[in-house]
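Per the numbering used here, the very first residue in the sequence shown carries number 10; after that it's consecutive.
For every residue, glycine included, the Cβ atom is placed at its ideal position computed from N, Cα and C.
Only a predicted model underlies this, so the values are computations on that prediction, with no experimental measurement involved.
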Amino acid sequence: MKLKVLISVVLLSLALPAAADMRIVENAYEIALSDLRLPRADGGTIAFKECRTCDYVRLRVAADTRYQINGKAVPLKKFREAMAEVEEPGQEAVTVLHHLKRNQVTAVSVNL
């Protein structure tokens, strides 16, 4: 019995350092489409409100930022066109992924 407890303690102590290595790499924001301002160009900025009463947060986008509609990647121009056609933008949720180290948006996605 003591051997089983000893083995369990050793295995648990080996697992602790692995859990300590976890770091937040990206933040994900789920916002209403009506609170989103898309960039005009690939190297511009995106602005959004985290809540209805919050101020706008502005973040950089790059040429490698992914824009997705229903899981399918589309160019920024088509993404902007599709978002302009949404009838009730306050009812649609958009997910924005912000890479913290690079301080830029890596993906913007919506499911319509």
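Distance between V119 and L80 (C-alpha atoms, nearest Å): Rather than Leu, the amino acid found at residue 80 in this sequence is Gly. When rounded, the distance between both Cα atoms is 8 Å.
Are the region 82-89 and the region 98-107 in contact at 8 Å, needing three or more beta carbon pairs? no
Determine the direct distance from the alpha carbon of T115 to that of A71, and round the result to whole angstroms. 8 Å
Just confirm the distance between the C-beta atoms of L122 and D51, as a whole number of angstroms; I'd bet it's less than 8 Å. Lying before the first or after the last residue shown, residue 122 is absent from the chain, which here runs from 10 to 121.
Tell me the start and end of each unbroken beta strand (DSSP E) in the region 31-62 that is at least 3 residues and wholly inside, in chain order. 35-41 and 54-58
If you compare alpha carbons, which of Q77, D73 and Y38 is closest to R111? D73
Just verifying my parser: in three-state terms, what is the DSSP assignment at L68? strand
So L109 is in the beta strand (DSSP E); what residue range does that whole segment cover? No beta strand (DSSP E) holds L109; DSSP gives it neither H nor E.
Give me the Cα-Cα distance between N36 and E96, rounded to the nearest whole angstrom. 28 Å
Identity of the residue in R32, L121, I33 and I55 nearest I78 by Cα: L121
Just to confirm my understanding: we take R69, look at its own chain, exclude 5 residues before and 5 after, and list those with CB closer than 6 Å. What are they? T54 and Q113
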